[in-house]
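Numbering (this note's numbering), first residue to last: 495 to 629. All residues carry an ideal CB built from backbone N, CA and C; glycine is no exception. Computed from a prediction, not measured in an experiment: that's the story for all the values here. Let me begin by presenting the structure, written as structure tokens, before commenting on it.
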């Protein structure tokens with residue numbers, strides 16, 4: 495994916511879900527990543543104002559933002575970071591809306607595993623770079 499460690503911001507308010515995603519990341523990427531975990535969209539925006547991340551893993555149902563609003567808020571704060579939604583919402587319209595709002599990928603929580611997550615991260619970063627003219 496990149497020559498250095500992948501910097502990931504995990505935006506998830508469910509502690510068990512966040513722990514599971516971090517386990518999958520460790521299994522898929524080993525030590526080739528760093529994860530910062532926040533539970534609110536506002537915390538994510540504040541973190542993104544301080545530091546760049548390569549990928550944002552974003553839940554759509556947060557205490558302070560829901561649905562496409564989450565994606566738009568994060569996209570505005572981090573236009574050069576790939577966004578992969580990890581949600582329990584299995585709805586084609588929601589998926590399409592999230593992608594239209596700027597996400598590069600959408601995964602269902604019930605179907606995520608380490609390999610799928612690794613693949614989604616690679617695809618999301620590649621899509622973002624392709625859309626940005628390879629920069």
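| request: Determine the closest residue to residue 620 out of 585, 522, 574, with distance taken between C-alpha atoms. | output: Counted from its first residue, the chain shown places residue 620 at position 126. Checking every option, the nearest Cα to that of residue 620 belongs to 574.
| Under the three-state DSSP convention, the category residue 534 falls into | The residue you call residue 534 lines up with position 40 of the chain shown. Residue state for residue 534 is assigned as coil, using DSSP reduced to three classes.
| Around the C-beta of residue 506, are 16 or more other C-beta atoms found within 10 angstroms, so that it is buried, or is it exposed? | Sequence index remark: in the chain shown, residue 506 carries index 12 (1-based). Within a 10 Å sphere around the beta-carbon of residue 506 sit 16 or more other beta-carbons, which makes this residue buried.
| field | Identity of the residue in 566, 522, 611, 539 nearest residue 580 by Cα | value | To locate residue 580, count along the chain shown from 1; it is residue 86. The residue with the shortest Cα to Cα distance from residue 580 is 611.
| said: Runs of 3 residues minimum, wholly inside the segment 524-596: which ones carry the beta strand (DSSP E) assignment? | reply: Fully enclosed beta strand (DSSP E) runs of 3 or longer: 527-532, 549-552, 576-581.
| query | For residue 567, does the count of other Cβ atoms within 10 angstroms reach 16, so buried, or fall short, so exposed? | reply | One-based indexing of the chain shown puts residue 567 at position 73. The residue is buried, with at least 16 neighbouring Cβ atoms inside 10 Å.
| message | Is the separation between the beta-carbon of residue 499 and that of residue 527 shorter than 8 Å? | response | To locate residue 499, count along the chain shown from 1; it is residue 5. To locate residue 527, count along the chain shown from 1; it is residue 33. Inclusion of residue 499 and residue 527 in the CB contact set at 8 Å is warranted, their separation being smaller than that value.
| message | Just to confirm my understanding: we take residue 565, look at its own chain, exclude 5 residues before and 5 after, and list those with CB closer than 6 Å. What are they? | response | Working through the chain shown from its first residue, we reach residue 565 at position 71. These residues qualify, in order along the chain: 592, 595, 596, 597.
| request: Use the C-beta contact count for residue 607: other C-beta atoms within 10 angstroms, 16 or more gives buried, fewer gives exposed. | output: For the purposes of this step, residue 607 is taken as residue 113 along the chain shown, with counting starting at 1. Under this definition residue 607 is an exposed residue.
| field | Inter-residue spacing [alpha-carbon to alpha-carbon] between residue 509 and residue 549 | value | Counted from its first residue, the chain shown places residue 509 at position 15. Counted from its first residue, the chain shown places residue 549 at position 55. So the alpha carbons of these two residues sit roughly 19 Å apart.
| task | Name the two residues that bound the continuous alpha helix (DSSP H) containing residue 617. | result | Locating residue 617 in the chain shown gives position 123, where the first residue counts as 1. Unbroken alpha helix (DSSP H) run through residue 617: 608-625.
| field | Spatial distance of residue 562 from residue 570 (CA atoms) | value | Taking the chain shown and counting its residues from 1, the one referred to as residue 562 is at position 68. Taking the chain shown and counting its residues from 1, the one referred to as residue 570 is at position 76. Residue 562 and residue 570: Cα-Cα distance of roughly 12 Å.
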